[in-house]
Ligand SMILES: [Zn+2]
């Protein structure tokens with residue numbers, strides 16, 4: 003039986019639609035056509051820093067086996083479903099679909115990595131599609147072909163996670179989501195850390211439900227399908243669930259971050275990990291955001307910890323000149339008003355320079371702190387009148403009010419791809435050999 007990879011992307015707009023929902027519909031339709039899935043639908047988040055993304059910049063890949071005689075009908079079903087469910091009226095929505103038969107060549111895997119970590123052109127995607135006899139279908143400008151091909155190439159053979167997404171009935175979309183808050187807390191207590199980012203710990207805000215008018219009721223993320231299905235059974239909603247699907251994803255894996263050895267290697271829009279010295283004490287700018295300059299022997303760049311990053315912003319403002327740190331995040335290109343800037347997602351404090359202060363000396367007679375009589379003019383005791391021109395300021399080591407180590411933006415401001423603290427040491431490897439029986443409804 004032929005194996006078929008179906009990748010697609012860029013079907014949604016900021017206001018409507020959702021590429022994962024089309025995948026969920028197709029799961030049902032393709033099964034009805036006799037296809038058997040060889041993997042959970044793959045939800046692949048691409049570089050979150052590209053300047054033209056819609057929302058989450060997630061692409062989908064369905065991997066199936068089917069009879070030779072069904073191939074054409076499956077192909078038509080996919081094209082029709084994407085055509086009908088894309089927000090084609092929206093200016094920036096340019097859906098694309100790629101079909102590939104049998105195995106996934108290494109060059110497509112390499113293309114996927116580039117699409118997750120950097121910028122690629124549609125020309126490159128089309129050249130690869132032709133080279134490997136794949137088929138690309140684009141609507142409008144067809145930019146979704148890039149994501150479709152990348153989703154096929156990202157076989158999630160390394161670290162990966164899962165997300166169960168539950169969808170709302172058509173008549174409820176656009177209305178407030180009716181989920182019992184207490185059941186989300188209960189679900190979190192019972193299933194974390196095998197599920198993650200359910201609730202923001204600082205604000206207690208629910209993170210599993212989106213805000214907008216899209217069809218998603220909630221999405222539960224976790225380390226394996228069993229844990230998220232169990233979590234889904236604990237959550238109580240007072241509205242019907244039209245369908246749900248378990249996706250295998252690169253969420254929470256840091257797949258977008260590329261470690262570079264020097265600041266000179268930083269490129270606009272390519273998320274990175276880079277280390278350097280804090281070149282000046284941080285500045286707190288309007289809005290409570292913290293900016294500091296990072297420097298190494300090859301150059302310098304700004305790092306920004308925005309206020310919603312919570313713990314990250316708090317630790318960034320405690321840095322001082324001379325601290326040695328590692329910055330993780332997306333790159334904003336230089337502009338007339340600022341230089342190239344890392345929008346921090348994480349910050350590792352590797353080595354702190356000693357925190358010291360210069361104090362006036364104590365009086366040799368009465369031990370009270372003396373007053374300076376001006377630069378180079380010595381000190382005078384206001385208590386007993388003792389003066390000295392030979393005494394000097396004394397260096398005092400300040401208490402250390404934070405630890406070295408890794409700091410991560412608070413869950414409420416983490417990107418889909420950001421690896422949360424609780425996942426360190428829990429990395430999944432290899433694609434699963436077997437799928438659980440019930441990974442979707444209906
Ligand atoms: Zn004195």
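In my numbering, the protein residues as written are 3 to 444. Virtual Cβ for every residue (Gly too), placed ideally from N, Cα, C.
- Here the segment 184-203 makes no contact with the segment 118-130; the two share fewer than three CB pairs at distances below 8 Å.
- DSSP lists 46 as the bridge partner or partners of residue 61.
- Following the DSSP letters along the chain, one finds residue 162 in no alpha helix (DSSP H), marked with neither H nor E.
- With 16 or more neighbouring CB atoms inside 10 Å of its own CB, residue 421 falls in the buried class.
- In the structure shown, residue 285 adopts extended strand secondary structure according to DSSP, grouped into three states.
- Chain order is used for the residues whose beta-carbon lies nearer than 6 Å to a heavy atom of ligand 1, namely 365, 367, 368, 370, 383, 385, 386, 388.
- When the beta-carbon positions are compared, residue 68 and residue 36 come within less than 8 Å of each other.
- Judged by beta-carbon spacing, residue 314 lies within the 8 Å limit of residue 410, meaning their Cβ atoms are closer than that value.
- Between residue 110 and residue 81, the gap from beta carbon to beta carbon reaches 8 Å or more.
- The C-alpha of residue 88 lies about 7 Å from the C-alpha of residue 19.
- Separation of residue 395 and residue 368 (C-alpha to C-alpha, rounded to the nearest whole angstrom) is 17 Å.
- Residue 234: not part of any beta strand (DSSP E); member of the alpha helix (DSSP H) spanning 227-236, first to last residue.
- If you check the CB distance, residue 300 and residue 257 do not come in under 8 Å.
- Judged by DSSP in its simplified three-state form, residue 329 adopts strand.
- Residues 238 of the same chain have their beta carbon placed closer than 6 Å to that of residue 182, with the five preceding and five following residues left out of the count.
- DSSP places residue 10 inside the beta strand (DSSP E), whose first and last residues are 5-11.
- When rounded, the separation of the alpha-carbon atoms in residue 5 and residue 27 is 20 Å.
- Taken in chain order, no unbroken stretch of alpha helix (DSSP H) lies wholly in the segment 380-408 with a span of 4 residues or more.
- Counting along the chain, residue 152 sits inside the alpha helix (DSSP H) bounded by residues 146-155.
- Contact between the segment 266-275 and the segment 207-220 is absent, with fewer than three C-beta pairs closer than 8 Å.
- Selection 399, 102, 16, 141 evaluated against residue 133 yields 102 as nearest (Cα-Cα).
- Around the beta carbon of residue 435, fewer than 16 other beta carbons lie within 10 angstroms, which makes this residue exposed.
- Bounds of the alpha helix (DSSP H) holding residue 125 are 124-133.
- Secondary structure at residue 209: coil, using DSSP grouped into helix, strand and coil.
- Across the set 201, 118, 412, 29, the C-alpha of 118 shows the shortest separation from the C-alpha of residue 149.
- With a cut-off of 8 Å on Cβ pairs, the segment 399-419 is not in contact with the segment 172-182, counting fewer than three such pairs.
- Within the DSSP secondary-structure output, residue 197 pairs in a beta bridge with 224.
- Selection 91, 177, 230 evaluated against residue 15 yields 91 as nearest (Cα-Cα).
- If you draw a straight line from the Cα of residue 428 to the Cα of residue 365, it is about 58 Å long.
- For residue 303, the beta-bridge partners assigned by DSSP are 296.
- For residue 266, the three-state secondary structure derived from DSSP is helix.
- Excluding its 5 nearest sequence neighbours in each direction, residue 178 has no C-beta neighbour in its own chain below 6 Å.
- Judged by DSSP in its simplified three-state form, residue 311 adopts helix.
- It is roughly 13 Å from the alpha-carbon of residue 98 to the alpha-carbon of residue 77.
- Around the beta carbon of residue 441, a 10 Å sphere encloses 16 or more other beta carbons of the protein chains shown; the residue is thus reported as buried.
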